[in-house]
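What follows is a set of notes on a single structure, which appears directly below.
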Amino acid sequence: MTAYTDIESHLSALLGYALREAVPEAGAVTVDIERPREASHGDYACSIAMKLSRSLRCNPRQLAQKILAALPPSPMIARSEIAGAGFINLHLHPLAWQQLVPHILALGEQYGHHDSGGGQSVLVEFVSANPTGPLHVGHGRGAAYGASLSNLLAISGFRVFREYYVNDAGRQMDILALSTWLRYLEHCGEPSVFPANAYQGDYVRQMAQAIHLQHGDRYRHSSQALLEHAPAYADAPDGHLDHLIVAAKQTLGDNYSYFHRFALNEQLADCRQDLHEFGVSFDEWFSEQSLYDNGTVQRTLDVLEANGQLYEQDGARWFRSTRYGDEKDRVVQRENGLFTYFASDIAYHLNKLERGFDWLIDIWGADHHGYIPRVKGAMEAMGRNPDQLTIALVQFAVLYRNGQKAAMSTRSGEFVTLRELRQEVGNDAARFFYVLRKSDQHLDFDLDLAKSRSNDNPVYYIQYAHARICRVLEQWGGDPTSLDEADISQLTSPSELDLLRQLAGYPATIRTAARELSPHLVAYALKDIAAALHAYYNAEQFLIEDTSLRDARLALIQATRVVLRNGLTLLGISCPEQM
RNA sequence: GCCCCGGUAGCUCAGUGGAUAGAGCAUUCCCCUCCUAAGGGAAGGGUCACACGUUCGAUUCGUGUCCGGGGCACCA
934 MTAYTDIESH LSALLGYALR EAVPEAGAVT VDIERPREAS HGDYACSIAM KLSRSLRCNP
994 RQLAQKILAA LPPSPMIARS EIAGAGFINL HLHPLAWQQL VPHILALGEQ YGHHDSGGGQ
1054 SVLVEFVSAN PTGPLHVGHG RGAAYGASLS NLLAISGFRV FREYYVNDAG RQMDILALST
1114 WLRYLEHCGE PSVFPANAYQ GDYVRQMAQA IHLQHGDRYR HSSQALLEHA PAYADAPDGH
1174 LDHLIVAAKQ TLGDNYSYFH RFALNEQLAD CRQDLHEFGV SFDEWFSEQS LYDNGTVQRT
1234 LDVLEANGQL YEQDGARWFR STRYGDEKDR VVQRENGLFT YFASDIAYHL NKLERGFDWL
1294 IDIWGADHHG YIPRVKGAME AMGRNPDQLT IALVQFAVLY RNGQKAAMST RSGEFVTLRE
1354 LRQEVGNDAA RFFYVLRKSD QHLDFDLDLA KSRSNDNPVY YIQYAHARIC RVLEQWGGDP
1414 TSLDEADISQ LTSPSELDLL RQLAGYPATI RTAARELSPH LVAYALKDIA AALHAYYNAE
1474 QFLIEDTSLR DARLALIQAT RVVLRNGLTL LGISCPEQM
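Written out as structure tokens, the structure is:
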């Protein structure tokens, strides 16, 4: 067996050589090749002659002819021709495809890996949902996308660090702590003063119940007393809520932090468990509060202040984000002295850079897109390079059941949780459906389709291809490592060459998907590979008398299995050996 | 009003500066004495929203228009 030749770089090098020989005046041009969709146009095509014809002032077909005449012979090229307006079409020798089988078997899980990242470090921050309740299906999409993208970058030569930003410092956490305490008071028998804009979900009642079970009436106070001097809810819902928070802090004293901490830990643990079951893990759960505790927020504002980026107006401190293309300046410190979320977010991004990452990726819900100019502006205002930050927006996912939109609203507690979705359709289908769409596009998630154990379901379609291969190899019963020596020159049937071409395209798909931050391309490639495998399965028999041909075919499906497994694993989907 | 995202087959959506634009579902037809039919094969189905521009070449890039969806806090 001769060494493996990477076809695309081989052809591109040959054409580049021919171009320099035939048309030296063209200078140093990289010669791109493409896969024509029309089979009669060959396996690869090159349009360099048309691209250069204008600057060289010559006929593109003649130019192509000159390049072709200078093309060195290659065992990989069966024939070449000029077609259309000046395309050079290359038809490959089957060897070009066949050699892929031992190559894939040798590389195994490394097949598809590449090094375009060059060892750069990248921090991918995703999910980062407020720990104020269960994750819902919207977070699920960010989780699936972020996890798959991280995997994609990790096999593309990047050192990937996965991080979840925990918003444990803000008003939302206070609302959760308050909500928990108010439910606790109800448990103690106090009349309910629970406002409609506090967290309504059942999980709050459960936390309250757990606290009551453990501590009895220890934290009981008069609920009615909390309402004294409170603005009427109808007049000022937020003012009413804020008053209750202040009253809770005063009434509970040091015990307030118990509720705050309890609720935070409880929700965070739940979130972590949920994501863990979903196959999504993080290297770091980064606390927003820590940025206050260690002075990063203050230091950040000092830097901005020193750079002349802040000013005072109406009692608040503002950042001049309009200098950097934002629509209006933004408050970083309120009239009441409290910092805004934006202030700690600037500090967070500064912190990320100070940790030495070459590249930052933030995955946000698309509703935050208006937030981009101010964050990038803040980086610039601190003398940092905003291009080090890439923000990937993930659009909303809408669930459909029986063709009907499934209702979902946030605060009221009427939402479908990620956990419910996983239980209903399974982790594999959920992971797959989430990344089947481009992340920046709205996703209609068809629950009935995701649940169906039928040929309609693309997850099962791919997994079934994997399971079929496993069954064949199992029934054969031989040692798979012996297939490395199979005589792959016998793989010449149309369905075999189709399958080989699909497998050959996988590394390029990975490369493109990584460059475009688009794991959905991997999902589509897997569908194509599975389709080619199923077609092959129906066209040819594997377990046949002719052991030489049999081994060649088994080697091919074993290689297919490797690629399917690599792709499914990347997307966080299991590879069942039987179904 | 401003800013994002979209408009491709009946439906849900891929896709690409190239030569005849794809897949699944749905519709019609065919294939298990054979390694899992959760499979395969075939047919029909299109003004790639519209106009203008850039280009040897535009569904792809740019501008404008129309139509959807989302966002525009001293919330996070």
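Our numbering puts the first residue of the first sequence at 934, with every later residue one more than the last.
Even for Gly, the Cβ is constructed at its ideal location relative to N, Cα and C.
**Asked** What residue does the beta strand (DSSP E) around D1207 start on, and which one ends it?
**Response** Locating residue 1207 in the first sequence gives position 274, where the first residue counts as 1. No beta strand (DSSP E) holds D1207; the alpha helix (DSSP H) holding it covers Y1189 to E1210.
**Prompt:** Which residue comes first and which comes last in the alpha helix (DSSP H) that contains S1422?
**Reply:** Numbered from its first residue, the first sequence carries residue 1422 at position 489. Per DSSP, S1422 is not a residue of any alpha helix (DSSP H), being assigned neither H nor E.
**Asked** DSSP three-state call for C1508: helix, strand or coil?
**Response** Working through the first sequence from its first residue, we reach residue 1508 at position 575. Coil.
**Request:** Would you kindly check if the distance between the Cβ of L1504 and the Cβ of V1516 is under 8 angstroms?
**Result:** The requested residue 1516 does not occur in the structure, where the chain is confined to residues 934 to 1512.
**Request:** Could you have a look at G1122 and say whether DSSP puts it in helix, strand or coil?
**Result:** Translated into the one-based positions of the first sequence, residue 1122 becomes position 189. The answer is coil: DSSP assigns G1122 none of H, G, I, E or B.
**Message:** Need the endpoints of the alpha helix (DSSP H) that I1178 sits in, please.
**Reply:** Within the first sequence, numbered from 1, the residue matching residue 1178 stands at position 245. Note, I1178: alpha helix (DSSP H), P1170 to L1185.
**Asked** Does DSSP put V1057 in a helix, in a strand, or in coil?
**Response** Here residue 1057 is taken as the residue at index 124 of the first sequence, counted from 1. Looking at V1057 - three-state DSSP - the assignment turns out to be strand.
**Prompt:** What is the C-beta distance between I1358 and K1338, in whole angstroms, given that I count them as a contact (C-beta under 8 angstroms)?
**Reply:** Here residue 1358 refers to the residue found at position 425 of the first sequence. Here residue 1338 refers to the residue found at position 405 of the first sequence. Here residue 1358 is Val; the residue named in the question, Ile, does not match the sequence. With a Cβ gap of about 17 angstroms, V1358 and K1338 do not count as contacting.
**Item:** Nearest-angstrom Cβ-Cβ length linking G1019 and R994, presumed shorter than 8 angstroms
**Value:** Within the first sequence, numbered from 1, the residue matching residue 1019 stands at position 86. Within the first sequence, numbered from 1, the residue matching residue 994 stands at position 61. That belief holds up - the Cβ atoms of G1019 and R994 are roughly 5 angstroms apart, short of 8 angstroms.
**Item:** Beta-carbon proximity check, Y1078 vs V1392, cutoff 8 angstroms
**Value:** One-based indexing of the first sequence puts residue 1078 at position 145. One-based indexing of the first sequence puts residue 1392 at position 459. No, they are not a contact pair.
**Item:** Beta-bridge partners of S1013, as assigned by DSSP
**Value:** Along the first sequence, one-based indexing puts residue 1013 at 80. Note: S1013 sits in a beta bridge opposite L1023.
**Request:** Spatial neighbours of I940 within its chain, please: CB distance less than 6 angstroms, with the 5 preceding and 5 following residues excluded, ordered by chain position.
**Result:** Residue mapping note: residue 940 aligns to position 7 of the first sequence, counting from 1. If we look at I940 and ignore the five residues flanking it on each side, its Cβ neighbours are A1029.
**Asked** Out of L1424, F1252 and L1082, which has the shortest C-alpha to C-alpha gap to V1455?
**Response** Counting from one through the first sequence, the residue named residue 1455 turns up at place 522. Nearest option by C-alpha distance: L1082.
**Test item: CB-CB of L1380 and Q1328 under 8 angstroms** = By one-based count along the first sequence, residue 1380 stands at place 447. By one-based count along the first sequence, residue 1328 stands at place 395. For L1380 and Q1328, no; Cβs fall outside 8 angstroms.
**Prompt:** Which same chain residues, not among the five before or five after R1334, have their C-beta less than 7 angstroms away from its C-beta?
**Reply:** One-based indexing of the first sequence puts residue 1334 at position 401. If we look at R1334 and ignore the five residues flanking it on each side, its Cβ neighbours are L1380 and D1381.
**Prompt:** How would you write the range of the beta strand (DSSP E) that T1273 sits in, first residue to last?
**Reply:** If you number the first sequence from 1, residue 1273 lands on position 340. Here T1273 belongs to no beta strand (DSSP E), and DSSP marks it neither H nor E.
**Prompt:** In three-state DSSP terms, what is S1342?
**Reply:** Within the first sequence, numbered from 1, the residue matching residue 1342 stands at position 409. Here the model assigns S1342 a pLDDT of 48, short of 50, so the residue's position is not dependable and the matter cannot be decided.
**Prompt:** What's the C-alpha gap between E909 and I1421?
**Reply:** Within the shown structure, residues of the chain are numbered from 934 to 1512, placing residue 909 beyond reach of any answer.
**Sheet register partners of A1330 (DSSP bridge)** = One-based indexing of the first sequence puts residue 1330 at position 397. For A1330, which the question treats as bridged, DSSP gives the partners L1376.
**Asked** Based on the DSSP output, what are the partners of D1295 in its beta bridges?
**Response** On the first sequence, position 362 is the one that residue 1295 refers to. DSSP lists E1058 and I1324 as partners of D1295.
**Opening and closing residue of the alpha helix (DSSP H) in which E1357 lies** = One-based indexing of the first sequence puts residue 1357 at position 424. First-last of the alpha helix (DSSP H) with E1357: L1351 to V1358.
**Asked** Is the stretch 1202-1221 touching the stretch 1083-1103 in the sense that three or more CB pairs, one from each, lie closer than 8 angstroms?
**Response** The stretch 1083-1103 is in contact with the stretch 1202-1221.
**Request:** Check the DSSP bridge columns for V1514 and list the partner residues they point to.
**Result:** Shown here, the chain extends from 934 to 1512; a query on residue 1514 therefore has no answer.
**Prompt:** To the nearest whole angstrom, what separates the beta carbons of L1177 and L1111, a pair I think is in contact under 8 angstroms?
**Reply:** In the first sequence, the residue the question calls residue 1177 occupies position 244. In the first sequence, the residue the question calls residue 1111 occupies position 178. The pair is a contact, with the Cβ atoms about 6 angstroms apart (cut-off 8 angstroms).
**Message:** Quick check on this structure: which residue in N1318, D1320, A1314 and I1279 has the alpha carbon closest to the alpha carbon of Y1304?
**Reply:** Here residue 1304 refers to the residue found at position 371 of the first sequence. Ranking N1318, D1320, A1314 and I1279 by Cα distance to Y1304 puts I1279 first.
**Request:** Measure the C-alpha to C-alpha separation of E1042 and A1492 and round it to an integer number of angstroms.
**Result:** Taking the first sequence and counting its residues from 1, one reaches residue 1042 at position 109. Taking the first sequence and counting its residues from 1, one reaches residue 1492 at position 559. A straight line joining the alpha-carbon of E1042 with that of A1492 spans about 10 angstroms.
**Request:** Please report how far the alpha carbon of N1390 lies from the alpha carbon of R1401, in whole angstroms.
**Result:** As a first step, residue 1390 is located in the first sequence; it is residue number 457 there, counting from the start. As a first step, residue 1401 is located in the first sequence; it is residue number 468 there, counting from the start. If I take the Cα positions, the gap works out to 16 angstroms.
**Beta-carbon proximity list for G1346, same chain, < 6 angstroms, skipping 5 on both sides** = On the first sequence, residue 1346 is found 413 positions in, with the first residue counted as 1. The pLDDT assigned to G1346 is 46, lower than 50, so where the model puts this residue is not dependable; a value taken from the coordinates is nonetheless given after this. So the list reads Q1133 and G1134, once near-sequence residues are dropped.
**Request:** Spatial neighbours of Q1142 within its chain, please: CB distance less than 7 angstroms, with the 5 preceding and 5 following residues excluded, ordered by chain position.
**Result:** Working through the first sequence from its first residue, we reach residue 1142 at position 209. Around Q1142: H1120.
**Request:** Taking F1366 as the reference, give the member of F1195, G1258 and R1074 with the closest Cα.
**Result:** Taking the first residue of the first sequence as position 1, residue 1366 is located at position 433. Here the closest residue by C-alpha is R1074.
**Message:** Does the structure place the stretch 1238-1249 close enough to the stretch 1177-1192 that three or more beta carbon pairs sit under 8 angstroms?
**Reply:** no
**Request:** If I'm right that V1230 touches W1251 with Cβ under 8 angstroms, what's the distance once you round it to whole angstroms?
**Result:** Locating residue 1230 in the first sequence gives position 297, where the first residue counts as 1. Locating residue 1251 in the first sequence gives position 318, where the first residue counts as 1. Contact flag wrong, Cβ pair sits at about 16 angstroms.
**Asked** Of the choices V1308, K1261 and L1271, whose alpha-carbon is the least far from that of L1283?
**Response** As a working mapping, residue 1283 is identified with position 350 in the first sequence. The residue with the shortest Cα to Cα distance from L1283 is V1308.
**Prompt:** Could you give the distance in angstroms between the alpha-carbon of Y1152 and the alpha-carbon of Q1206?
**Reply:** Taking the first sequence and counting its residues from 1, the one referred to as residue 1152 is at position 219. Taking the first sequence and counting its residues from 1, the one referred to as residue 1206 is at position 273. Using only the alpha carbons, I get a separation of about 29 angstroms.
**Prompt:** If L1197 and M1106 are in contact, beta carbons under 8 angstroms, what's the gap, nearest whole angstrom?
**Reply:** Stepping through the first sequence from its first residue, residue 1197 is reached at position 264. Stepping through the first sequence from its first residue, residue 1106 is reached at position 173. Sure, about 6 angstroms apart at Cβ, within 8 angstroms.
**Request:** Return helix, strand or coil for Q1408, following the three-state DSSP convention.
**Result:** Numbered from its first residue, the first sequence carries residue 1408 at position 475. Residue state, collapsed to three classes: helix.
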